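When we follow numbering that gives the first Met the number 0, the leftmost residue of the sequence shown carries the number 0, and every step to the right adds one. Yeah, the Cβ is synthetic: ideal placement off N, Cα and C, and Gly gets one too. Keep in mind the model is a prediction, meaning the values are calculated, not measured. What follows is a single structure, written as structure tokens, with notes after it.
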Amino acid sequence: MVSPTTKVVVIEATQIPKNVVSSIPTLEFNGLFDGQVVYQLGVIGELKDQGVGKYQTLAKRYPSHLESDLATKVTATSERAISQQDTPGLYQALYQVDGDAEGVHEDVSPLTAPDIAFMTKVLGMNLTAIWVRLMIGRFSGQALVKASHEGTTYHDAIYQAHFPYADYHLTNQKSAPATVIGAQIERANKGSEQ
0 MVSPTTKVVV IEATQIPKNV VSSIPTLEFN GLFDGQVVYQ LGVIGELKDQ
50 GVGKYQTLAK RYPSHLESDL ATKVTATSER AISQQDTPGL YQALYQVDGD
100 AEGVHEDVSP LTAPDIAFMT KVLGMNLTAI WVRLMIGRFS GQALVKASHE
150 GTTYHDAIYQ AHFPYADYHL TNQKSAPATV IGAQIERANK GSEQ
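Okay, structure coming up:
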């Protein structure tokens, strides 16, 4: 029996991450869309595959250090693309960076669970709780601003996910955010977290 005040939220399993480990730099603009406003959570820069031997890795940096013009372009394009989504949620706009350091917009997709965990750590905000409040209709943009530690300077953080497929006797596997088995986060001026 469900209480009349209980709201059921269906989480669809349609999220198929597209950004596999690559030697092509990728930018990920992360934002929360409440149905009307896009709140910027920051841009993550994907680093080249640092895998050694049997271990493949997916390494990302937050915040991504972008030239002013590229940052402005990525922000404007991303906010416009995310605001066209049908439902509120946590999204990322993916870009490939070409040789001229121009971001080429690729796709908008829901923020992956590993990226939500990474952003939660580096921002010091519980994005899962914020997302749940959004889904049950109790989200407040003011609460997000309050939780954002306005004026806080964020130190660089490197997220390195591991894919030890050989240890699990899995062959021909592709590295993707949905297959992260473990990760380590290193912050500038601080130690590492796992």
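Item                                                                                                                      : Value
Given T74 as reference, the closest of F28, E66, G44, Q83 once Cα atoms are compared                                      : F28
Residue span of the beta strand (DSSP E) that contains F117, given as start and end                                       : Counting along the chain, F117 falls outside any beta strand (DSSP E), though it belongs to the alpha helix (DSSP H) covering 112 to 122.
Of the listed residues W130, T111, V36, G41, nearest to H154 (C-alpha basis)                                              : G41
Chain-order list of residues whose beta-carbon lies under 6 Å from that of K59 (same chain, five-residue window excluded) : I43, E45, Y158
Contact set for T216: own chain, Cβ-Cβ below 8 Å, skip 5 residues either direction                                        : What the structure shows of the chain is the stretch from 0 to 193, and residue 216 is not part of that stretch, so it cannot be assessed.
C-beta neighbour in chain D for S82, strict 7 Å                                                                           : Included in the structure is just one protein chain, with no chain D present.
Helix, strand or coil at L65 [DSSP, three-state]                                                                          : coil
The region 61 to 69 contacting the region 79 to 89, beta-carbon criterion three pairs below 8 Å                           : no
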